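**Q**
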Amino acid sequence: MNRFFFVFGVLVSIAANAQEEDSIRLAKKEERKLLRTQYIQDYPDHFFIWPVIKQRSLTFEMRKDDKDRKEFLTYKPNKAVSLGVGMYLLELGFELAFAVPIEEKDIEQFGKSSARDLMLNVIGKKWGGDLYYQKYSGFYVTDENIPVAPGEPFPQRSDIVTRNVGVSVNYVFNETKFSFRTPFTFADRQLKSNGSWLMFGTVNSFRVQADSAIAPAQYQSELGPASDLKALRYTTLSLAPGYGHNLIYQKFFLNATLSVGPAYHWIEYTRNDGTVRNDDAINSFAALRLGVGYNSDRFFGGVGFITQARNVRFQQMYFSNATSSFKILVGYRFKEFGILKKRVWDFVPFL
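Using this note's numbering, the final residue of the sequence shown is 995, and nothing's skipped along the way.
(1) Using the Cβ count rule (16 or more neighbours within 10 Å means buried), how would you classify P885?
(2) Applying the 10 Å Cβ sphere with the 16-neighbour rule, what's the burial state of E819?
(3) Is S823 buried or exposed, if buried means 16 or more other CB atoms sit within 10 Å of its CB?
(4) Going by C-alpha distance, which of S903, L881, V744 and F692 is nearest F981?
(5) Under a Cβ-count criterion, where at least 16 other Cβ atoms within 10 Å of its own Cβ denotes burial, should D774 be classed as buried or exposed?
(6) Taking all protein chains shown into account, decide if F763 is buried (16 or more other Cβ within 10 angstroms of its Cβ) or exposed.
(7) Quick check on W694: buried or exposed, where buried means 16 or more other Cβ atoms within 10 Å of its Cβ?
(8) For F897, list the residues DSSP reports as bridge partners.
(9) Below 8 Å, how does it come out for the stretch 925 to 939 and the stretch 784 to 803: are there three or more Cβ pairs, yes or no?
(10) Where does F652 land, buried or exposed, given buried means 16+ other C-beta within 10 angstroms?
(11) If we ignore side chains and look at the alpha-carbon of each, how far apart do N922 and Q959 end up?
(12) Are L902 and Y913 close, meaning C-beta to C-beta below 8 Å?
(13) When the Cα atoms are used, what is the spatial distance from Q952 to R825?
(14) Starting from the Cα of Y962, find the closest Cα among N927, D941, V852 and V744 and give me that residue.
(15) What's the gap between the Cα of K821 and the Cα of F896?
(16) May I have the straight-line CA-CA distance separating K756 from Q864, to the nearest angstrom?
(17) Quick one: give me the first and last residue of the beta strand (DSSP E) that V962 is part of.
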């Protein structure tokens, strides 16, 4: 009988301790929620609408892998500016934009580019992510050492096609005092200046190909044994720590977020004679986000810039590709009504 009471007492003690730990966790959770309300204003009962001007682009650069050489051979698309509209409703944000036609003289000077540029962006309080697909064709070439006279056409490569596909994920360590959504989606509003350490992880595949060698003949003697490549593909896995900070003055904000880290690349390239080579390398990944604007309970607006760059060194060559996004928007928050009070998971039961 004494053994029974001993076992019973142990079980009661364990249950009491577990209940106490649950109470402590609940209290800490409520404390964090209260602390967040002092730094960040949420708008769970509003939907947002905004017109937007934006431009996304994909560029790449080549040069000899020499620290003393800073000159790049840069390939850029003649990418049009897009006009459109964005909405945030049902706890989901999206934008729809269409390209503005380019003047004929610009096409004569920079060539004609075509682009498919799709991106799904989700930024939560702690977690966020981007899923993107880009396909660009038609590039013009710039060289710092050989400036082009005003009004003269740049060297153009209509045969070059690039494809960039990948996913990136970010994690905010201090979501109670720092809002990653304030400067980019306006899903909430940060009230006091503060920042947070972040972590970015990416998986990306980049491919460029042309009918002949991508680098002009006069550059090939400097670019090393792989200088006559006409196709290149590399898959990148990277993990980059970073830091973001929102500087708040009344209802105005300024954000800067930078992350830099190592990246592992699996490389495959095809030379002009058709031979295929494989290589691998450990180099770097960098992501920069900048945002400035105004954010009140009703009106909001701002300018945002995002860029990601991957740098690869192989066969005495330095190769880099970068994606960038620039946009300007002005919006207004409306009180939800009717079906707009629903959330996206109300329509998809398994979410």
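Where is the CB? At the ideal position from N, CA and C, for every residue including glycine. In this text the structure is predicted, and so the values were computed from the model without any measurement.
**A** So, from the listed chains and residues:
(1) exposed
(2) buried
(3) buried
(4) F692
(5) buried
(6) In the sequence as displayed, the identity of residue 763 is Met instead of Phe. Of the residues assessed, M763 falls on the exposed side of the cut-off, its CB having fewer than 16 other CB atoms within 10 angstroms.
(7) buried
(8) Partner(s): I892 and G937.
(9) No, the stretch 925 to 939 does not touch the stretch 784 to 803.
(10) Since pLDDT at F652 reaches only 48, below the 50 mark, its modelled position is unreliable, and the value read off the structure follows with that caveat. Counting every other CB atom within 10 Å of its CB across the protein chains shown gives F652 a total below 16, marking it as exposed.
(11) If you draw a straight line from the Cα of N922 to the Cα of Q959, it is about 11 Å long.
(12) Cβ distance not < 8 Å, so L902 and Y913 don't count as in contact.
(13) 18 Å
(14) N927
(15) 17 Å
(16) 25 Å
(17) The amino acid occupying residue 962 in the given sequence is Tyr; Val does not appear at that position. Where Y962 is concerned, the enclosing beta strand (DSSP E) stretches over M961 to K979.
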